[in-house]
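K.L.:
Following our numbering, the numbering of the sequence shown begins with 89 at its first residue and continues without gaps. Following this message is one structure expressed as structure tokens.
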Amino acid sequence: MILILIGPPGAGKGTQCKRLVDRYKLKHLSSGDIFRTEIASETEIGITAKKFIDDGKLVPDEIVIEMMTKAVRAAGDCILDGFPRTVNQARSLDEALEKDGCPVKAVVVLKVDDEIVAQRLTNRRVCLHCGASFHLQHSKPAVDGVCDACKSKLIHRDDDKAEVISKRLATYHKQTEPIVEYYNSSGKVVLTVDAGGNIDEITKVLISQIDNI
Ligand code: AMP
89 MILILIGPPG AGKGTQCKRL VDRYKLKHLS SGDIFRTEIA SETEIGITAK
139 KFIDDGKLVP DEIVIEMMTK AVRAAGDCIL DGFPRTVNQA RSLDEALEKD
189 GCPVKAVVVL KVDDEIVAQR LTNRRVCLHC GASFHLQHSK PAVDGVCDAC
239 KSKLIHRDDD KAEVISKRLA TYHKQTEPIV EYYNSSGKVV LTVDAGGNID
289 EITKVLISQI DNI
């Protein structure tokens with residue numbers, strides 16, 4: 089089973105995916121996490137991707153599509169977080185999966201207002217080692233700057249800083265939102281969930297909707 093989670097940066101895709109993978113026994117594939125690993129390892133993909141990521145832009149389709157279709161094929165049943173992000177990526181993914189006889193099962197869209205996104209990202213601190221995420225007001229780490237789970241250093245991602253957030257949101261509205269129409273018109277199950285509130289409540293709604301399919 090392949091599920092896709094779509095939403096603006098800061099919608100809680102990563103947080104909700106971690107909860108959903110436990111329940112549905114799926115792998116979590118985050119394109120952003122894969123890029124951050126490539127960047128940390130200073131690979132060719134990482135060096136190219138970094139320029140786009142730091143500027144709040146999408147990494148070009150040809151790089152993402154090859155990297156992610158390979159990763160999806162290797163993972164099997166999974167939840168995709170952050171991919172696809174353009175209609176071209178969605179179409180290429182469909183083509184690859186249909187060849188494999190394993191089409192996308194459902195697309196979940198997390199809806200959040202831009203103001204809430206900006207507030208969440210400005211306060212977000214992440215652990216690059218284990219992927220845990222904290223909020224400086226609502227879910228503070230026990231020790232300032234240190235990950236509760238693995239004790240690594242927490243960082244404020246460069247692309248979570250105010251000057252980049254508005255660019256990322258504009259990119260989301262222009263390039264990623266049209267995917268929803270693409271999936272609707274291709275007859276896929278599309279679930280839309282309000283993700284502006286409490287994390288546990290959002291998980292409950294997600295689970296009840298996904299259980300239905
Ligand atoms: P994320 O952690 O999902 O917010 O991704 C961080 C950044 O990685 C994004 O702002 C993009 O620059 C890049 N990125 C991640 N996934 C994709 C994708 N599917 N297509 C293009 N760029 C991506």
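Note that beta-carbon positions come from the ideal geometry of N, C-alpha and C, so glycine has one too.
1) Classify Glu203: buried if its beta carbon has 16 or more other beta carbons within 10 angstroms, exposed otherwise.
2) Indicate, with yes or no, if ligand 1 has a heavy atom lying under 6 angstroms from the CB of Ser119.
3) So, is Thr157 buried or exposed, given that buried needs 16 or more other C-beta atoms within 10 angstroms?
4) Does DSSP classify His223 as helix, strand or coil?
5) DSSP beta-bridge partners for Arg212?
6) Can you give me the C-alpha to C-alpha distance between Lys113 and Lys138, rounded to a whole angstrom?
7) For Pro266 and Lys228, what's the separation of their Cα atoms in angstroms?
8) Specify whether the segment 192 to 208 and the segment 96 to 112 touch according to this definition: at least 3 beta carbon pairs, one from each stretch, less than 8 angstroms apart.
9) Would you list the one or two residues that DSSP bridges to Asp282?
10) Run through the DSSP bridge pairs and tell me what Ser118 is partnered with.
11) Out of Val281, Gly233, Gly120, Ala237, which has the shortest C-alpha to C-alpha gap to Val195?
12) According to DSSP, which residues form a beta bridge with Val194?
13) Quick check: the Cα distance between Arg213 and Val231, rounded to an integer number of angstroms?
14) Given a cut-off of 7 angstroms, decide if Gln177 and Ile153 are closer than it, judged by their beta-carbon atoms.
15) Hey, is Pro97 close to ligand 1, as in C-beta under 6 angstroms from one of its heavy atoms?
16) What's the gap between the Cα of Arg107 and the Cα of Ile167?
17) Is there at least one non-hydrogen atom of ligand 1 closer than 6 angstroms to the beta-carbon of Arg107?
P.N.:
With the structure as the only source:
1) exposed
2) yes
3) buried
4) Three-state result, His223: strand.
5) His223
6) 31 angstroms
7) Near 35 angstroms, if we compare the C-alpha coordinates of Lys228 and Pro266.
8) yes
9) Lys199
10) Asp169
11) Val281
12) The sequence shown places Ala at residue 194, not Val. Ala194 pairs with Leu91, Val277.
13) 12 angstroms
14) Closer than 7 angstroms, so yes.
15) yes
16) Each residue's Cα considered, the two are about 11 angstroms apart.
17) no
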